[in-house]
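Protein chains in written order, with the working numbering: chain A, 1 to 104; chain B, 1001 to 1267.
Have a look at the structure below, then the notes.
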Amino acid sequence: MNATLACVLALAVGTYAFRLAGPVLHGRVELPDRVQELLTTGATVLLVALLATVALTEGRDFAGWARPAGVLVGGVLAWRRAPFAVVVVAASAVTALLRLAGVS
Amino acid sequence: MRSPHRTEDPSQRTDENAAPGLVRFSDLPPGVLRDIALVLLADVLVGVSFGAIAVGGGLPLWVPVLMSLLVYAGSAQFSAVGILTAGGGPVAAAATGLLLNTRTAAFSLALADDIGRTWTARLIGAHLITDETAAFVLAQKGRGQRKAAFWISGVGLFVAWNLSVLAGALTGSALGDTDRFGLDAAFPVVLLALVLPALRGDGAARRAAAAGAVIAVVAAPLLPPGLPVLLALLGLLAARRGPGRRRPRTPSPRTASRRTTPPGSAS
């Protein structure tokens, strides 16, 4: 079999298995409220860690200043309850303008 | 089935009997629908660039298209295609993608309750679990709203992602480098805006998230992609050991204060 196709299929099957974990276990294992709460907090922790690493790093290197600066501006706006669209557009605009100005 | 209720109150009957698999746009506040639409738009641009990058890097058209349909996970797809086009080999590409996607297992456990009860819903819904759907669901409070947020954002994102990847793969790099538009800042900021409501009223979650983010960022230059984010779960220990160790006896004030924020929206 084509090696690239095998790679795509392996990635697809593995990923689907990860995704199926919750729905398959649901209803079979009665999770205590405490564990359910921990899962919700865990998901939030994962999302925050993901956004932090994506904002600051590119592979194993620093992403440059433009991207984290944009994310920071968007984050402050979100914290001050600015509309979602404003938050996203402002973050992208700050990053794009910084790059236009030569800041990577 | 010959219940007298049948003719007396047909609207209620359909609500009770047909509802379990059904989600309506009206289940979500207009603000959340707008937010979902905006994330769809951002993902369309990212999808176009993914398709263009993959084909531009020398991969045949079917690779990004099939990958988007079957793998359907943006970060894993980018890293796998990056490794494939750089000549890193299919084994490394699959392994890195899988490592990046381990976090979806945690999301699927957290979201299991919101996907639905029938096996059809579970099997289809599982495939729609992404960072974005997890964030949208976690930002909602009510059970019905969480389910609606999952299915509306999930189906919308799946369709938008796959069509845009196909478009990008067909048109090539007409859009150019999307980093030029600062779109790489959009994904993290979307996640940030979506998790903020969950963080605002919950000191323990804030401590855990802050500790986890520091762990992940410090580990990022040292470990293969995917692992740093998993390591962030150690931040959960901070939630237990912080000053708020004794959990409040009455959770109602917290819930009440959270409800003052419009669900799922920073507006």
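From the three backbone atoms N, C-alpha and C, an ideal C-beta is built for every residue, glycine too.
Small disclaimer: the values here were computed from a predicted structure and weren't measured.
Please check the pair residue i and residue j, which I expect to be a contact at CB under 8 Å, by giving their CB distance rounded to whole angstroms.
i: B:VAL1046; j: B:GLU1132; result: Not confirmed; about 11 Å, so no contact.
i: B:ALA1216; j: A:ALA52; result: 6 Å
i: B:ALA1134; j: B:ALA1110; result: 7 Å
Confirm, please, whether the CB-CB distance from residue j to residue i is below 8 Å.
i: B:PRO1064; j: B:ALA1169; result: yes
i: B:ALA1073; j: B:ASN1101; result: yes
i: A:VAL48; j: B:VAL1195; result: yes
i: B:VAL1137; j: B:ARG1146; result: yes
i: B:ARG1103; j: B:VAL1189; result: no
i: B:ALA1220; j: A:THR57; result: yes
i: A:LEU46; j: B:LEU1233; result: yes
i: B:GLY1182; j: A:ARG99; result: yes
i: A:ALA21; j: B:SER1108; result: yes
i: B:VAL1165; j: B:SER1068; result: yes
How big is the Cα-Cα spacing for residue i and residue j?
i: B:LEU1199; j: B:ASP1184; result: 23 Å
i: B:ARG1246; j: A:GLY42; result: Here B:ARG1246 scores only 46 on pLDDT, less than 50, and its place in the model should not be relied on; the value that follows carries that caveat. Those two C-alpha atoms are separated by around 19 Å.
i: B:GLY1201; j: A:ARG60; result: 33 Å
i: A:VAL86; j: A:ALA93; result: 10 Å
i: B:ALA1093; j: A:ALA90; result: 34 Å
i: A:ALA78; j: B:LEU1191; result: 11 Å
i: A:ARG19; j: B:ALA1106; result: 8 Å
i: B:LEU1041; j: B:LEU1236; result: 33 Å
i: B:LEU1223; j: B:GLY1172; result: 33 Å
i: B:SER1049; j: B:PHE1158; result: 16 Å
i: A:TYR16; j: B:VAL1071; result: 7 Å
i: B:LEU1128; j: B:TRP1062; result: 21 Å
i: A:ALA3; j: A:LEU31; result: 41 Å
i: B:ALA1167; j: B:GLY1051; result: 7 Å
i: B:LEU1163; j: B:LEU1033; result: 20 Å
i: B:PHE1150; j: A:ALA12; result: 21 Å
i: A:ALA10; j: B:GLY1125; result: 20 Å
i: A:ALA55; j: B:ALA1210; result: 14 Å
i: B:ASP1035; j: A:PHE84; result: 6 Å
i: A:VAL103; j: B:ALA1186; result: 18 Å
i: A:LEU25; j: B:PHE1025; result: 29 Å
i: A:GLY27; j: B:VAL1218; result: 38 Å
Check the Cβ of residue i against every Cβ in chain B and list those closer than 8 Å, keeping chain order.
i: A:ALA21; result: ALA1105, SER1108, LEU1109
Applying a beta-carbon distance threshold of less than 7 Å, which residues of chain B neighbour residue i?
i: A:ALA10; result: ALA1094
i: A:VAL48; result: VAL1195, ALA1209, GLY1212, ALA1213
i: A:VAL103; result: Ordered by position in chain B, no residue passes the 7 Å Cβ test against A:VAL103, which lies about 11 Å from the chain.
For residue i, return the contacting residues in chain A, with the cut-off set at a CB-CB distance below 8 Å.
i: B:VAL1071; result: VAL8, LEU11, ALA12, THR15
i: B:GLY1156; result: Per Cβ cutoff of 8 Å: no residues; B:GLY1156 is ~15 Å from chain A at best.
i: B:PRO1228; result: ALA49, THR53
i: B:VAL1279; result: Given a span of 1001 to 1267 for chain B in the structure shown, any question on residue 1279 of chain B remains unanswerable.
i: B:ASP1043; result: Result: empty, since nearest Cβ-Cβ is about 11 Å, beyond 8 Å.
Please list, in chain order, the chain A residues whose beta carbon lies closer than 7 Å to that of residue i.
i: B:GLY1097; result: LEU11
i: B:GLY1235; result: VAL45
Taking residue i as the query, report the chain A residues whose CB atoms sit under 9 Å from its CB, ordered along the chain.
i: B:ASN1101; result: LEU11, GLY14, THR15, PHE18, ARG19
Query raised in the report: Given a limit of 7 Å on CB to CB distance, which residues of the stretch 62-85 of chain A reach chain B?
Result: Taking 7 Å as the Cβ-Cβ cut-off against chain B, the residues of the stretch 62-85 of chain A that qualify are ARG67, GLY70, VAL71, GLY74, GLY75, ALA78, TRP79, ARG81, ALA82, PRO83, PHE84, ALA85.
Query raised in the report: If you measure beta-carbon to beta-carbon, which residues of the stretch 1110-1133 of chain B are closer than 7 Å to chain A?
Result: Under the 7 Å Cβ criterion, the stretch 1110-1133 of chain B contributes ALA1110, LEU1111, ALA1112, ASP1113, ILE1115, ARG1122, GLY1125, ALA1126, HIS1127, ILE1129, ASP1131.
Report task. Using a Cβ-Cβ cut-off of less than 8 Å, list which residues of the stretch 1177-1193 of chain B approach chain A; keep chain order. Result -> For the stretch 1177-1193 of chain B, which is checked against every Cβ of chain A, the residues closer than 8 Å are ASP1179, ARG1180, PHE1181, GLY1182, LEU1183, ASP1184, ALA1185, ALA1186, PHE1187, PRO1188, VAL1189, VAL1190, LEU1191, LEU1192, ALA1193.
**Report entry** Where the stretch 1074-1091 of chain B meets chain A: residues whose CB sits under 7 Å from a CB there
**Finding:** Within the stretch 1074-1091 of chain B, the residues whose Cβ lies closer than 7 Å to some Cβ of chain A are ALA1076, ALA1080, LEU1084, PRO1090, listed in chain order.
**Report entry** Against chain B: residues of the stretch 85-101 of chain A by CB proximity under 9 Å
**Finding:** Within the stretch 85-101 of chain A, the residues whose Cβ lies closer than 9 Å to any Cβ of chain B are, in chain order, ALA85, VAL86, VAL87, VAL88, VAL89, ALA90, ALA91, SER92, ALA93, VAL94, THR95, ALA96, LEU97, LEU98, ARG99, LEU100.
Query raised in the report: Which residues, taken in chain order from the stretch 26-39 of chain A, show a beta carbon closer than 7 Å to some beta carbon of chain B?
Result: Residues HIS26, LEU38, LEU39.
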